[in-house]
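Student: Sharing a structure below in structure tokens format, with a few things to ask.
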Amino acid sequence: MGTIITFFPFEQGASGRIGAGQVGVTTYVIPVGVLAFWKERLASFDVPYTVTERFS
């Protein structure tokens, strides 16, 4: 499950294309106790987010 995404240009890289293979959702796992920090941080930069609890 998962793959590697890069956020820096490759000099010999081809231009990106919208469509299949394009990243649509990024998921992060955070340590217990820091959810409030990240909610506030993302909100301060107007970054939309959704909180999902995968395991109880």
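Numbering (the working numbering), first residue to last: 1 to 56. Quick reminder that beta carbons are idealized off the backbone N, C-alpha and C, glycines included.
1. Distance, Cα to Cα, Tyr49 vs Gly13?
2. Between the alpha carbons of Thr52 and Gly19, how many angstroms are there, rounded?
3. Quick check on the DSSP output: the alpha helix (DSSP H) that includes Ala36 runs from which residue to which?
4. So, for Thr26: in the same chain, excluding its five sequence neighbours on each side, which residues have a beta-carbon less than 8 Å away from its beta-carbon?
5. Please report how far the alpha carbon of Ser15 lies from the alpha carbon of Phe55, in whole angstroms.
Tutor: Let me spell this out:
1. Each residue's alpha carbon lies about 30 Å from the other.
2. Straight through space, the alpha carbons of Gly19 and Thr52 are spaced by roughly 26 Å.
3. Leu35 to Ser44
4. Ile5
5. 38 Å
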